Each structure stands twice: as C-alpha cells, then as structure tokens.
Amino acid sequence: MADAEVERRMRGDTCTISTRRRTYRRIESKAGSSRSPEESYLQFIKIETKNPPTSIPCSSSLTRRFFDRPLDSKCFNVGVGALDQLFIRDGTLDKLIWNDNWSVDETVSFFRYPSDKKLPSRWSPLGSFFVSSNYNLVIIWGSRYYTDFGRLMRFSHYQVEEFDISPGEKYLVTYNRPDPTDPNGLWLKIFDVSTGTGIVGLNNADVADSPQWPVIRWAGGKDDTYFATLSKSNTVSVYETKTFNLLGKAPLKLDDVIDISWSPTEAVLAILCGEKPLKVLLLQIPDEVKLAEKEITAIVGDCKMHWQSNGEYLAVNTYGGFEFFRIKEKGIPTDFLKVDKKILAFAWEPSGHRFAVIYGDEPTLSVSFYSMKTPGKVTELTTLSNKQADSLFWSPNGNLVVLAGLKEGKLEFFDVDRLAQISSVANVKANQVVWNPSGKYVATVSTIPQEEFDSDWCSDPNDPLDRFTIWSSGGDCLFVHQCQNRIMQLDWRPYGGIIDDDMVKTQ
117 MADAEVERRM
127 RGDTCTISTR
137 RRTYRRIESK
147 AGSSRSPEES
157 YLQFIKIETK
167 NPPTSIPCSS
177 SLTRRFFDRP
187 LDSKCFNVGV
197 GALDQLFIRD
207 GTLDKLIWND
217 NWSVDETVSF
227 FRYPSDKKLP
237 SRWSPLGSFF
247 VSSNYNLVII
257 WGSRYYTDFG
267 RLMRFSHYQV
277 EEFDISPGEK
287 YLVTYNRPDP
297 TDPNGLWLKI
307 FDVSTGTGIV
317 GLNNADVADS
327 PQWPVIRWAG
337 GKDDTYFATL
347 SKSNTVSVYE
357 TKTFNLLGKA
367 PLKLDDVIDI
377 SWSPTEAVLA
387 ILCGEKPLKV
397 LLLQIPDEVK
407 LAEKEITAIV
417 GDCKMHWQSN
427 GEYLAVNTYG
437 GFEFFRIKEK
447 GIPTDFLKVD
457 KKILAFAWEP
467 SGHRFAVIYG
477 DEPTLSVSFY
487 SMKTPGKVTE
497 LTTLSNKQAD
507 SLFWSPNGNL
517 VVLAGLKEGK
527 LEFFDVDRLA
537 QISSVANVKA
547 NQVVWNPSGK
557 YVATVSTIPQ
567 EEFDSDWCSD
577 PNDPLDRFTI
587 WSSGGDCLFV
597 HQCQNRIMQL
607 DWRPYGGIID
617 DDMVKTQ
C-alpha cells in the first residue's frame, strides 16, 4: 500500500481509506479507545540467556548434500537426488536418510540421534536445518558437508514440551505447560536462531489467560515481523518482533473470537468471530485496516478456514457449502458453493486456482474438482462418483492428486490437467501420504502416536506396518524400506530460498 493514494474522511471514530484497488474501513483506533484497562493479554518480558553456537551457520541450506559456497556444479552430483532427504523416527532413533534416485532400496542414513518419544523432531520450515528436542534442550543440527553433520546450536528450556520455528527461520519458540505454583518460571521463550540468544519469554504470572499450544501464530511471509495470540478469553492480540510489544498497546476490539488464521504470504489476518450470525473478518496488519467482512451461516465446530498457498483465495466451511474470498481482486468479492452433503475433505491446489472436495456418505463418496479462474464464478471441472477416498493429497506442482482410501488401503493417482486416472493401487498399509517437494515421489507410511510406542516392543522384520514405501508420481512402486521399529514420524525435507531454487533448476 506504499503507493496508495489515501484519503481519510473522519466519521466519528472510523475513517474510509480509498486506494487504487479497494476501499477499506479502519477498525476503531486503539489510542483513546473505550477498551477496559483490565482486558488481559500476554506481556512478554526480556530474558538474558545465551548459548554460544558450536559452529556458525553460513548459508540458508546448511545440510544440503554436497553443498558449499559459492554454488558450483562441483559441489554436488547433479544426478543423485541431492535435494531429496527424508526424516523418519524409527522407534527411539531420529534418522535422516537419502537415496541416489529412490528407485532401489539403497537408502543411506547420514544422521542418527536418540529421540525422546514424548518430544517432537522436525525440519525447519525452509529446510535449512533439522531440529530435535530432549528433556531440557532444543537442538539445531546441520553442516556444510553431509559427512560432518553436527550440532549448530543448543537452546535451554527446562522440561520443554513443544517448539516451533518462525516461517522465515529467524526465531525459535519453546514451550512447557505453565505451572501456577512457580510465578517466576518461564513457560514460553523466544530465541534468536542465528545467535542462540534468548530474547523474551512469558512467566507464570500470565498463566490465567495463557492459550493452548501453539501459543504464537506467525504472520505469513518470510520476514517474521508479526505474530498473534488467541487467549482463553477469546481475545486476539497482535505483536511485532522489533520490540515484541503489543501493536496499538491493546488487544483487538473484537467479541467472541473463535479462530484466527494468517495468509501464508502476507500480514493479512482472517478472524472467525461472533455467535449468531458468525462472520469472517479480514484485517491488514499493522494498520488494522478492515479489508472485508462477511456474515456466514455455519456450525461453529465445523467451520474452518482454508488459505490457498499463495494467499490468493480463502475458503470457509459454512452450513451447506463454502464461502470463497478472492483476496487479490478489487473489493475482495465472495462466491458461495453449495454442497448439500457431509464434507469429508477439502484441499487447494498448491499455488493454483483449483480445489477438490470429498463429500457424501461412506462407503461410497464423491470427489469434485473446481476452478476459481473465472472471476465471479466457481466452475465445476468434474465429479468422480462412487469413490472410496476419504482424503486427498495434491502434488506440490499442482497437476496431480492422490485420492486415498486409507481405511480400505486404496490409492488413486489422478491427473487434474487431463481429468483422467493415471493408476490405482490396492492393499496399501498406510495412514499417511506425503509428497516430496519436487513432486516426483510419494511416500506412504503407517505411523503410530509417540505416546503409544513401547521401547521394549520387538519388531517383526516382515511386518508391513514397520516399513515405508516410495512411489513415483504416476503410482509405480519404486521400493519398500523395512525399519527396525514402528515408525512415529516421516517427512521430506522442505525446499526454501534462492539456493534451493538454483539447485532445483539444475536437476
């Protein structure tokens, strides 16, 4: 909005803002507002804890196989799948593995570390490093070379239970359940990832109105400038990371907030609020400009917000269908799609204009594909009837989708461009389907919750539940890898940043 022509017309405590694209209304100003001073919000306190790094991160792709700076063809073998790394939690071990081309089971594990079954491990959002946790520490792992993968940073938090990395990987959030008996204890900390420095935290004085995990809801994009919290009293507070102070010095003046959801690409906050009727509110942060507001008819427990990955569209479950917001179009027009049967699944095409819906009564369901390409119209592309698919998984490239009937063990690979089935697979033992970021491969695996794993349990080397399978994007089984224990987590390493983009172009 830097180039917008702004004309303010004060009308009481609101004003109208006219721009070249849209007309907005600003919500009530915080300064001098009628808010009660007793309204509660989380107040961050400065902390001074620093863990010097064991080595200094030197790039945004610390552990890419054969990676060195500057980027050069000598730094990696173009044909060996340098970008395709996989994390699995095999019993009590975290493993990072790679394979030359994922066509034969010659999987190599280049990292093994004992895991605490109660605590998570995961890739960072852009795939720059791997993060694990144990009783009192969160550890960032990485290396410039795959042969010396090691600790880059350690962050202390007593009895840590959860952690989160901001979308741009600038901040680490650590959490343990607040203890009201210890008023000085810090139950949440925010660290600077690059230096290991603790910046701010929350102590147990805030426990009365502390939200459940995830406490911090980061704004979209990679600049990590804003985040929001939703308290137990349904209060929304927005903070900026330059000082970690509350924007406007008070929470947003909104009643009966049910949920919030940021655009994946910018600081636009979608808020679901109200009772009868419910309404969806879109706010531009930091100015709290009201971009759009729409009343909807919905059942609170069934009402969910679905952002398209580029932030171009927002879909909201309503009673009897979906309300769609066209975020990038002038005035943010809306469209309604009627679906008069039970909805089981919804998913946007990544970076695209299409979406798919699974609906009906089991065991025979319908899958419909739609397009938002035509302004003012939701166009049906095709409907597949009598399907046993209860979930769907788009390829990151957007042209393919896997329709999965996980209860029945069926996978159908479907080409959305041609609106035709590619292949169908039966007798699949899995409860997860995971595309790799290139869209070349699909992994299927049967995982168990971490709390259900028994470390004394003896694995059967032929048990199909102790293995994962790699498929081609067309549904061909490439290989099956047998693990030593039950699998609790599996995820491909994300792509992110300029370096990854350059590497992808060469492969």
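For the sequence shown, my numbering gives the first residue as 117, with consecutive numbering after it. We put the beta carbon where it would ideally sit given N, CA and C, even for glycine. In this text the structure is predicted, and so the values were computed from the model without any measurement.
In this structure, does DSSP put L522 in helix, strand or coil? Residue state for L522 is assigned as coil, using DSSP reduced to three classes.
Which residue from I448, T450, K457, L394 puts its Cα closest to that of R476? Going by the sequence as given, residue 476 is Gly instead of Arg. Looking at the Cα atoms, K457 is the closest of the given residues.
When the distance is taken between beta carbons, is E285 closer than 7 Å to S249? It is not a contact, given that the beta carbons lie outside the stated cut-off.
Give, in chain order, every unbroken run of the beta strand (DSSP E) that is at least 3 residues long and sits entirely within the region 502-559. Listed in chain order, they are 507-510, 516-521, 526-531, 536-541, 548-551.
Where G258 and L535 are concerned, what is the direct C-alpha to C-alpha distance, given to the nearest angstrom? Going by the C-alpha atoms only, they are around 42 Å apart.
For S540, which residues in the same chain have their Cβ closer than 8 Å to its Cβ, ignoring the five residues on either side in sequence? Contacts found: K526, L527, E528, F529, G591.
Using a threshold of 7 Å, state whether the C-beta atoms of V331 and I306 are closer than that. Between V331 and I306, the gap from beta carbon to beta carbon reaches 7 Å or more.
In whole angstroms, what separates the C-alpha of P553 from that of G514? So the two alpha carbons sit approximately 11 Å from each other.
Considering only their Cβ atoms, is the gap separating P296 from N320 smaller than 7 Å? Cβ atoms of N320 and P296: closer than 7 Å.
CA-to-CA distance, A461 to I315, given in whole angstroms: Taking the straight line joining both Cα atoms gives about 40 Å.
Distance check for P294 and S74, CA to CA, integer angstroms please. Shown here, the chain extends from 117 to 623; a query on residue 74 therefore has no answer.
Is the beta carbon of I586 less than 7 Å from the beta carbon of W218? In this structure, W218 lies closer than 7 Å to I586 by Cβ.
Is the beta carbon of A520 closer than 7 Å to that of V549? The answer is yes: Cβ separation under 7 Å.
8 Å contact criterion, which M269 and I256 should meet: CB distance rounded: Yes, they are in contact, since the Cβ atoms of M269 and I256 sit about 4 Å apart, within 8 Å.
What would DSSP say about K365, mapped onto helix, strand or coil? Helix, per DSSP.
At the level of alpha carbons, what is the spacing between K392 and E411? For K392 and E411, the distance between alpha carbons rounds to 9 Å.
For Q605 and A472, I'd like the C-alpha separation in whole angstroms. Each residue's Cα considered, the two are about 26 Å apart.
Q566 - DSSP class collapsed to helix/strand/coil: Looking at Q566 - three-state DSSP - the assignment turns out to be helix.
Helix, strand or coil: which one does DSSP assign to L581? The answer is helix: DSSP assigns L581 an H, G or I state.
In the DSSP assignment, find the unbroken beta strand (DSSP E) run with K211 in it and report its ends. Per DSSP, K211 is one residue of the beta strand (DSSP E) stretching across 209-214.
Measure the C-alpha to C-alpha separation of F84 and S225 and round it to an integer number of angstroms. Nothing about residue 84 can be read from this structure; the chain reaches only from 117 to 623.
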